[in-house]
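Inspection log for the structure reproduced underneath, given as structure tokens.
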Amino acid sequence: MVQINFALREVNCKIVYYGPGMSGKTTNLEMVHQKAPPEATGELTSIATEGDRTLFFDFLPLDLGKVAGMTTKFQLYTVPGQQFYNSTRKLVLQGADGVIFVADSKKGKMEENIESLRNLQENLAEYKLDIRSIPLVMQWNKRDLPEVIPVELMEEKLNPMRVPSFEAVAFKGDGVFPTLKKLSTMVLETLNKKHGGGRRSMAPSGPPRPAAPTPPPVAAPPPPTAPADSKEQQLLAQLAANPNDLKLRKELLSHYLNTKQTQKAVEQLILIAQIQESRGNMALAQKCYQYILKLDPTNKIAQSKV
611 MVQINFALRE
621 VNCKIVYYGP
631 GMSGKTTNLE
641 MVHQKAPPEA
651 TGELTSIATE
661 GDRTLFFDFL
671 PLDLGKVAGM
681 TTKFQLYTVP
691 GQQFYNSTRK
701 LVLQGADGVI
711 FVADSKKGKM
721 EENIESLRNL
731 QENLAEYKLD
741 IRSIPLVMQW
751 NKRDLPEVIP
761 VELMEEKLNP
771 MRVPSFEAVA
781 FKGDGVFPTL
791 KKLSTMVLET
801 LNKKHGGGRR
811 SMAPSGPPRP
821 AAPTPPPVAA
831 PPPPTAPADS
841 KEQQLLAQLA
851 ANPNDLKLRK
861 ELLSHYLNTK
871 QTQKAVEQLI
881 LIAQIQESRG
891 NMALAQKCYQ
901 YILKLDPTNK
911 IAQSKV
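Per the numbering used here, the sequence shown runs over residues 611 to 916.
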């Protein structure tokens with residue numbers, strides 16, 4: 611979900627690297643962070659999970675121009691590849707403006723690629739997003755291996771939509787930036803189409819009009835009721851810009867507990883625990899996992915930690 615900061619004149623877009631475990635998502639992100647000019651990247655943040663990591667940082671492309679006179683900034687994320695962490699993958703995918711699917715070219719990995727792509731489609735659908743309409747780029751990684759799946763077969767099995775695709779050797783940097791640049795361009799093109807060229811609907815429309823006279827109390831209609839999830843949407847919008855903010859996450863957790871949205875509360879607790887682990891606060895993380903088991907005694911992530 612695009613975030614527009616009129617005060618800073620910035621348009622913030624979210625790009626997620628998706629794919630099976632060990633396909634090269636993290637390598638792509640680390641290579642971008644390593645090779646991009648220092649002034650173009652923010653701090654690389656890692657949230658550790660057992661056997662995988664969620665990484666993210668801000669990226670300011672220097673050659674893509676502006677939208678409605680505003681600077682374009684991208685938040686780049688990876689997701690854990692293992693099916694075990696689907697709740698985390700789903701949360702990271704929330705608010706995504708574009709996806710890079712990193713497929714493993716190693717011989718014998720086709721079924722894992724297909725399953726991960728199917729999982730991407732299902733998780734997008736939960737946010738009412740269609741994999742056929744969201745900006746999507748495919749990357750065929752590990753093309754340097756001695757035994758690889760032919761590109762033609764990967765196109766046939768994984769890219770029936772014929773979205774742009776790139777061969778890559780991510781650990782060498784080959785194909786990493788062309789993949790990212792293509793998706794970034796697609797995201798900005800989609801943004802401009804949605805906002806009528808990006809100049810009228812995105813820019814402030816000038817000073818607000820004077821308020822209309824207040825009608826007599828007896829004739830005034832009852833005030834509209836705020837949507838039940840308005841607080842959730844407000845917090846999620848703030849977290850899109852500050853995903854590691856524990857205060858916001860705890861506030862969202864409290865909202866889910868108060869509104870009896872148990873599954874969402876569990877998902878937030880998992881993220882809070884992972885953030886605490888990344889900061890070395892193992893005792894606090896343990897308390898989170900113990901609380902998760904009170905809410906959901908069958909939760910496999912918490913069971914593996916307690």
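Cβ atoms here follow ideal geometry from the backbone N, Cα and C, with glycine treated the same way.
Treat the numbers as computed from the prediction; the structure is a model and nothing was measured.
Smallest Cα separation from residue i: which of the options?
i           : options               : result
residue 636 : 620, 686 and 698      : 686
residue 752 : 771, 715 and 721      : 715
residue 755 : 781, 790 and 734      : 781
residue 702 : 730, 644 and 680      : 730
residue 705 : 864, 847, 887 and 748 : 847
residue 631 : 683, 623, 772 and 722 : 722
residue 682 : 653, 623 and 649      : 623
residue 733 : 871, 727, 892 and 700 : 700
residue 772 : 778, 741, 759 and 800 : 741
residue 894 : 874, 856, 871 and 873 : 856
residue 795 : 649, 779 and 684      : 684
residue 852 : 774, 871, 778 and 652 : 652
residue 719 : 840, 804, 750 and 680 : 750
Using DSSP's beta-bridge definition, name the partner residues of residue i.
i           : result
residue 713 : 750
residue 654 : Residue 654 pairs with nothing; no bridge assigned.
residue 787 : According to DSSP, which records beta bridges pairwise, residue 787 is partnered with nothing at all.
residue 776 : 749
residue 628 : 711
Buried or exposed: where does residue i fall if 16 or more other Cβ atoms within 10 Å of its Cβ makes it buried?
i           : result
residue 697 : buried
residue 633 : buried
residue 884 : buried
residue 713 : buried
residue 908 : exposed
residue 647 : exposed
residue 743 : exposed
residue 691 : buried
residue 873 : exposed
residue 910 : exposed
residue 640 : buried
Suppose contacts are defined by Cβ-Cβ distances below 8 Å. Is residue i in contact with residue j by that definition?
i           : j           : result
residue 793 : residue 710 : yes
residue 876 : residue 896 : no
residue 797 : residue 707 : yes
residue 762 : residue 717 : no
residue 785 : residue 645 : no
residue 861 : residue 881 : no
residue 903 : residue 879 : no
residue 858 : residue 867 : no
residue 802 : residue 655 : no
residue 638 : residue 627 : yes
residue 886 : residue 898 : yes
residue 688 : residue 747 : no
residue 800 : residue 760 : no
Chain D beta carbons: is any one of them nearer than 8 Å to that of residue i?
i           : result
residue 905 : Absent from the structure: chain D. Only one protein chain is present.
Any heavy atom of the ligand COA inside 7 Å of the beta-carbon of residue i?
i           : result
residue 910 : Here there are no bound small molecules, and the ligand COA is not part of this structure.
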